[in-house]
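K.L.:
There's a structure below that I have some questions on.
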Amino acid sequence: MTHEIEQSLVSSSARTGADRRNHQRKLLRSELSLWTEHNFYAGFTQDISEGGLFVATHEFLPVGTHVDLELELPGGHRLELRGIVKWVRDPHDPGETTPGMGIQFEALAAADREAVCEFMNSREPMFWDE
């Protein structure tokens with residue numbers, strides 16, 4: 001699995017809709033496997049936080065859908081976890097950019113939480129322009 005880590009510093013303040021977050025997020029480009037009760041999807045993460053991640057995809061799932069995720073963090077830690085689709089970014093919505101889904105982690109095993117926190121602490125934060 002290949003990874004491309006990107007760091008971006010963009011100043012912040014007016015955050016609305018999908019950009020409201022409880023956790024600071026960091027850019028992460030990593031292949032991702034995602035399963036629902038009936039389907040399998042492959043995609044890429046765009047960013048990650050201690051609370052969830054953004055999956056860049058044109059194949060949307062309804063908000064509230066439970067998913068199983070598998071991805072590998074830089075350094076080799078493989079995450080296998082459960083999440084829930086919290087929001088969808090449609091490319092046809094005015095002002096939106098990369099289409100995809102915001103997925104909130106439902107529960108992280110202690111080792112997975114530690115690996116995500118270690119990754120978060122080793123990267124510069126990402127901010128948004130007004």
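Residue numbers for the sequence shown, in our numbering: 1 to 130. Don't be surprised by glycine CBs; every beta carbon is placed ideally from N, CA and C.
What did DSSP end up calling Phe60 once you bin it into helix, strand or coil?
P.N.:
Phe60: coil per DSSP, three-state reduction.
K.L.:
Tell me whether the segment 108-123 and the segment 62-79 touch, counting them as touching only if at least three CB pairs, one residue from each stretch, are closer than 8 Å.
P.N.:
At 8 Å Cβ cutoff, the stretches touch.
K.L.:
Can you tell me the Cβ-Cβ gap for Val63 and Gly83, rounded? I've got them flagged as a contact below 8 Å.
P.N.:
About 12 Å separates the two Cβ atoms, so there is no contact after all.
K.L.:
To which residues does DSSP link Asp93 through a beta bridge?
P.N.:
For Asp93, which the question treats as bridged, DSSP gives no partner whatsoever.
K.L.:
Please work out which residues of its chain come closer than 7 Å, Cβ to Cβ, to Glu59, disregarding the five sequence neighbours upstream and downstream, and give them in chain order.
P.N.:
Taken in chain order, the residues that qualify are Tyr41.
K.L.:
Determine whether the Cβ of Val88 lies closer than 8 Å to any Cβ atom of chain B.
P.N.:
Of the protein chains in the structure, only one exists, and it is not chain B.
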